[in-house]
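Numbering (this note's numbering), first residue to last: 1198 to 1931. I have placed the structure first, in the form of structure tokens, so that the comments after it can refer back to it.
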Amino acid sequence: MNKTYLLEVFIEHQLQQLNRPFTYTYQGSLIPEKGIRVKVPFRQQSLIGYVTGINVIEDINAYQASSPYPILNITEILDEKPILSAELLLLVDELAAQQFSSKIGLLQAMLPPSLFPSKQSQRSPKVAYEDWLIFTNEPVIAKLNAKQKNWWISVKDNKKIRTHDIKSKAAIQFFLDQGLAKIEKVEKRRFDFKPLKVEAKPILSMDQQEVVNQINLSSQKIFLLEGVTGSGKTEVYLTLSEQVIKENKTVLMIVPEIALTPIMMSYYHQRFGEKVAILHSGLTPAEKFDEYRRILRGEVFVVVGARSAIFAPLKNLGLILLDEEHSETYKQDNSPYYHAREIALWRRQFHNCQLVMGSATPSLETRARAQKGIYQHLRLSKRIFEQSLPKTTIVDMNQTQNLSGFDSIFSQRLLDGIQLRLQQKEQVILLVNRRGYAQSIVCRQCEFRFTCPSCQVSLAYHAQINSLKCHYCDHLESLPHQCPSCQGQQLMKEGFGTEKVVSSLQRLYPEAIIARLDTDMASVRSNPTQILKKFQDKQIDILVGTQMVAKGHDFPNVTLVGVMLADLGLHVPHYRATERTFQLIAQVVGRTGRGFQPGEAIIQTTMPNHYAIQLGAKQDYASFYNQEMKERKLRQYPPFTFLARFELTSKDQNLLDEVALELTQSLKNQLEQIAEVIGPNIPYPEFFAGVFRRRILLKYKKYQLLQPILQTIYPLLLTKKTVKILLNIDPYDI
Ligand code: ADP
Ligand code: ZN
């Protein structure tokens, strides 16, 4: 007789934060494993869930009798082999306990949509197949004609080829007729990767070799690779990867933005061919599904991807690489909260493998840990061909003599610089860290300002779609011809963004080819890749964009970088504002002068004396680190303390205030000596996506003391229905 299994099954349900599996029985002939999917009945619905626990019971009747509620049988087992490994199941458990993230949310962050625990009907996995010609016997070469021989030579190593790739029907038929091959349906990879042109594998420079040696000889496992922009960090990653793959271990290569995956993928593809998979949120669900299954089947040795790829189900990890370690995009700052760096550290420990974090401008946290020797500190202090860092000029936009008179958004200096590059057929990057055409629209007559109905912040004007857009919640409305308040006809545009810069430049330089790269463009799938490829192929003269243009890219023909609104980020009341501004400027300045022509950077700002701008322009990380660490120490902010944040949201403002006050008081009482409790604070915007918000900030030194108390408090808070409460450990946005 079949055994009776008691299965703990994780399904999607309303009270997700309860993090509780449901119990089902199974009595079939299969042997269930943790991490497989099963179909289960749940309140008149059929759901797909994951098995997270298994027990065998002797007497089902006795068990049923002792249970307060009836235990149902699962409907069906869906997988032969687990989708979630023991490692990932443990990761979910520990992360949920440590970081207070919901387990179901984490599962959804780590899995492709078609493998989500979900309603059965929603997104059932779909596998696509294609025909492959699989060779079972060797032909007698002498009997082949020239063409057939060529075909044979091209497939003889792999012994298989997509029928699609043999253009000749006759050749296929010949191989089949001779009994040399058969046709099989094989799971198809829908992601059609078109590699970008990349440099051939170089010989490592002395500095690069030194870094590789240090890593190989070290007894430590975690490294910070601090390398100036253009110092050749990528080649270090590739060399380390090669070593690890030779030992039959796998590599995770994480980059901070989807826009950086094609180039990194191309490098890995060049070295490792089909053994590389790609994972990021820009793939279609079908592509993601296929890539995920290739990894599960053990076909790939490298996964290249953005944030969520840190959960890639690679087995036998030998190396984790986190490029541009300082990037804030590594923190998912909405629920489920997680930081790719924290996950990297966790997985590194699990596999006892190496982790290398690289950056020209490391986060203060990581740099401070390297200082203390918790991570080994490695440096690449020169550019690869010892090119000098770019010459930079800071232009004070308060001084009217600096202005060009054209729209007053460009300084004369910047226009001269652009003009020169256009003449010399060199390329220009302009950083404008604000999307859209205008920051806001105001009625000239009555000063009515268009605001977002759900966030109450000013709406930005986007010319391309002739609409008003909220940059917080993406609310969209068309721009009316007149003021809704006084019917005035004159609507003024205030403040500028990327669109306006592009259109002004186009008027100034009608011959130039100008492109824009920001998240508005990025929402059009594969567009960033195309734009970056065109820019690489020198089909674009000037690239205007938000911080997307600042990171990682390597375009040797760029000799001028312009920064407009350099101080934009400094006006935000946030302890990280200076660090962000410094990083952004240092990074974007680092995009120029990477080839053989020297580079120049021109930085427009109304705060020319601020140290974030001055030191960013010089890419002087060491001085910035020293100065900023003093600030942080003085104000007791990370890395000298840690933060946690409660966010409370509700439609009912009065109730919200009441609950927020009550919670603040109770936290103060319970966390005395352990954490400083600051709040309730009103975040900006206060009203977001239809609900009011309040925040309470905790500043603490020892998480071991705080965590157990939060563990008892937090579950109780989740049961409130009218006020939703989320807890974010190490939040970026406070
Ligand atoms: P980083 O990431 O440190 O800013 P990259 O990895 O983009 O720098 O490298 C900068 C440039 O130097 C790239 O164009 C790369 O092809 C080139 N490069 C790197 N290593 C070498 C080497 N050993 N020999 C020649 N060129 C190299
Ligand atoms: Zn809004």
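We put the CB at the ideal spot given by N, CA and C, even for glycine.
Going by the CB atoms, is the gap between residue j and residue i shorter than 9 Å?
i, j, result
"Phe1547", "Leu1287", "yes"
"Gln1811", "Val1760", "no"
"Arg1631", "Ala1657", "yes"
"Lys1730", "Pro1459", "yes"
"Glu1381", "Ile1331", "yes"
"Val1235", "Ile1271", "yes"
"Pro1928", "Leu1840", "yes"
"Ile1638", "Met1689", "yes"
"Glu1277", "Ile1233", "yes"
"Leu1457", "Gly1749", "yes"
"Val1452", "Ala1378", "no"
"Leu1853", "Phe1821", "no"
"Leu1903", "Tyr1911", "no"
"Lys1385", "Asp1290", "no"
"Ser1505", "His1477", "yes"
"Phe1752", "Gln1733", "yes"
Pick helix, strand or coil for residue i, following the three-state DSSP scheme.
i, result
"His1466", "helix"
"Asp1849", "coil"
"Ile1280", "coil"
"Asn1878", "strand"
"Lys1398", "coil"
"Val1352", "helix"
"Pro1238", "strand"
"Lys1391", "coil"
"Arg1788", "coil"
"Ile1931", "coil"
"Ile1274", "strand"
"Arg1504", "helix"
"Ser1318", "Here the model assigns Ser1318 a pLDDT of 49, short of 50, so the residue's position is not dependable, and the following value carries that caveat. Three-state result, Ser1318: coil."
"Thr1800", "Here residue 1800 turns out to be Ile, not Thr, going by the sequence shown. DSSP places Ile1800 in strand when its eight states are reduced to three."
"Gln1653", "coil"
Is any heavy atom in the ligand ADP found nearer than 8 Å to the beta carbon of residue i?
i, result
"Glu1230", "no"
"Lys1730", "no"
"Arg1140", "Because the chain spans 1198 through 1931 in this model, residue 1140 falls outside it and cannot be assessed."
"Phe1582", "yes"
"Asp1530", "no"
"Thr1151", "Since the first and last residues shown for the chain are 1198 and 1931, residue 1151 lies out of range."
"Lys1430", "yes"
"Ile1626", "no"
"Ala1886", "no"
"Ala1798", "no"
"Arg1181", "A question about residue 1181 goes unanswered here, because the residues of the chain that appear run from 1198 up to 1931."
"Ser1282", "no"
"Ala1783", "no"
"Leu1577", "yes"
"Gly1813", "no"
"Ser1463", "no"
"Pro1753", "yes"
"Ile1540", "no"
"Pro1399", "yes"
"Ser1402", "yes"
"Gly1787", "yes"
Per DSSP, residue i is paired with what?
i, result
"Trp1329", "Arg1359 and Glu1381"
"Tyr1897", "Phe1839 and Ala1872"
"Leu1204", "Tyr1221 and Ile1251"
"Leu1628", "Gly1742 and Val1760"
"Ala1165", "No statement about residue 1165 is possible, as the shown extent of the chain runs from 1198 to 1931 and does not include it."
"Tyr1658", "Ala1635 and Leu1665"
"Phe1885", "Val1888"
"Met1450", "Val1501 and Leu1518"
"His1574", "Leu1421"
"Gln1551", "Leu1516"
Whose CA, out of the options, lies closest to the CA of residue i?
i, options, result
"Lys1391", "Met1718, Met1461, Phe1332 and Lys1848", "Met1461"
"Glu1407", "Asp1817, Glu1384, Ile1419 and Thr1436", "Thr1436"
"Arg1713", "Gln1736, Gln1703 and Leu1740", "Leu1740"
"Gly1376", "Leu1414, Lys1385, Glu1335 and Glu1291", "Glu1335"
"Ala1483", "Ala1809, Asp1389, Gln1733 and Arg1618", "Asp1389"
"Gln1440", "Asn1410, Ile1419 and Arg1842", "Asn1410"
"Gly1250", "Ala1283, Phe1603 and Leu1913", "Ala1283"
"Lys1697", "Leu1628, Cys1670, Gly1685 and Ser1651", "Leu1628"
"Gly1813", "Pro1805, Thr1846, Phe1779 and Leu1203", "Phe1779"
Is there at least one Cβ from chain B nearer than 9 Å to residue i's Cβ?
i, result
"Phe1297", "Absent from the structure is chain B; it holds one protein chain and no more."
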